[in-house]
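One line per chain: the protein sequences are A and B, in this order.
Quick note on numbering: the first sequence equals residues 166 to 279 in my numbering.
Quick note on numbering: the second sequence equals residues -6 to 109 in my numbering.
Beta carbons: idealized from backbone N, C-alpha and C, even for Gly.
Model, not experiment: these values are computed from the prediction.
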Amino acid sequence: EAGVTQSPRYAVLQEGQAVSFWCDPISGHDTLYWYQQPRDQGPQLLVYFRDEAVIDNSQLPSDRFSAVRPKGTNSTLKIQSAKQGDTATYLCASSFQGRNTEVFFGKGTRLTVV
Amino acid sequence: AQSVTQPDARVTVSEGASLQLRCKYSYFGTPYLFWYVQYPRQGLQLLLKYYPGDPVVQGVNGFEAEFSKSNSSFHLRKASVHWSDWAVYFCAVSMNTGGLSGKLTFGEGTQVTVIS
């Protein structure tokens, strides 16, 4: 079974540039999560979807970050006008809603903003 | 709101020695608890999970963890460490909404270094 796939693996931007991250979850998983993991810290949830609907985006910096999952499968996370403080690894994860389900993580996209 | 504290940022252990990583959680009720491992340039991999039931849970690669409601803890243990256990370990908690919500709150992580 293929795992959660993310691209690109790495990105380097100057402040003010925009970037998009792409995630392909495990086939059949209805729930998709985006986490931000700053260097030497634990992951922090940004947003998650069930099918195409946003369930919780309370931790997403809405002025510069946006996330979509239009068909309830793949998802894109976009940062407009990146800042140095956005430097982190962005992890995508997926699961199937139900009792005692497990969350599976992709390898992440490491973003450096200079 | 739930939270997780891993008091040890770094632990160094000799190969073959035992290992314990500490995790304290804050949650009203009985949570779901997890230990994940992160190898360099890899995603998070699940080591083990606790769902309400037996307080001692077995995971992969000889890891086990014990849940204590009275101490609000979920410590990870391994009897004999191998060099391949060199990684960062994260404890995480998820709300119990009558089932697993999948929305995880992570601790800061513990870097484990294995020396020969």
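Which residues of chain B have a Cβ atom closer than 9 angstroms to the Cβ of L256/A, listed in chain order?
G36, L37
Helix, strand or coil for V279/A? Go by DSSP, reduced to three states.
In the three-state scheme derived from DSSP, where H, G and I count as helix and E and B as strand, V279/A is classed as coil.
For T23/B, count the other beta carbons within 10 Å of its own beta carbon; 16 or more makes it buried, fewer makes it exposed. Which is it?
exposed
Would you mind stating whether P208/A and T238/A have Cβ atoms separated by less than 8 angstroms?
No.
Give the residues of chain B in contact with D221/A, contact being defined as C-beta atoms less than 8 angstroms apart.
Simply K96.
Spell out whether any CB of chain D is found under 8 angstroms from the CB atom of G207/A.
Here the protein chains are A and B, and chain D is not one of them.
Bridge-paired residues (DSSP) for A58/B:
Checking the DSSP bridge columns, you'll see A58/B partnered with V50/B, L69/B.
Does the CB of E101/B have a neighbour CB from chain A at under 8 angstroms?
yes
Give every residue of the same chain whose Cβ lies closer than 6 angstroms to the Cβ of C188/A, excluding the five residues on either side of it in the sequence, and list them in chain order.
Q171, S240, C257
Since T103/B is in the beta strand (DSSP E), which residue starts that stretch and which ends it?
103 to 108
Excluding five sequence neighbours on each side, which residues of the same chain lie with their C-beta closer than 8 angstroms to the C-beta of L37/B?
Y29, V30, Q31, F83
Compute the beta-carbon to beta-carbon distance between A259/A and L197/A, rounded to the nearest angstrom, for a pair I have assumed lies under 8 angstroms.
One detail in the question is off: residue 259/A reads as Ser in this sequence, not Ala. Yes, S259/A and L197/A are in contact; Cβ-Cβ is about 5 angstroms, under 8 angstroms.
Measure from the alpha carbon of E290/A to the alpha carbon of each residue in S73/B, A10/B, Y43/B, then state which is nearest.
With chain A covering only 166 through 279, there is no way to say anything about residue 290/A.
Excluding five sequence neighbours on each side, which residues of the same chain lie with their C-beta closer than 6 angstroms to the C-beta of Q181/A?
In the sequence as presented, Gln is not what sits at residue 181/A; that position holds Gly. Taken in chain order, the residues that qualify are S246.
Quick check: the Cα distance between V49/B and V86/B, rounded to an integer number of angstroms?
16 angstroms
Note down, in chain order, every chain A residue with its Cβ under 8 angstroms from the Cβ of F83/B.
G207, P208
On the DSSP bridge list, what partners appear for T274/A?
Beta-bridge pairing links T274/A to Y255/A.
Is it buried or exposed, Q202/A, if we count other Cβ atoms within 10 angstroms and call 16 or more buried?
buried
Would you list, in chain order, the members of the segment 175 to 206 of chain A that have their beta-carbon closer than 9 angstroms to a beta-carbon of chain B?
T196, Y198, Y200, Q202, D205, Q206
Using 8 angstroms as the cut-off, can you tell me whether the segment -6 to 11 of chain B makes contact with the segment 210 to 228 of chain A, which would need three or more C-beta pairs spanning the two stretches below that distance?
no
Any chain B beta carbon closer than 8 angstroms to F214/A:
No, no contact with chain B.
Please classify T110/B: is it buried, with 16 or more other beta-carbons within 10 angstroms of its beta-carbon, or exposed?
Coverage of chain B is limited to positions -6 through 109, which leaves residue 110/B absent and any answer about it impossible.
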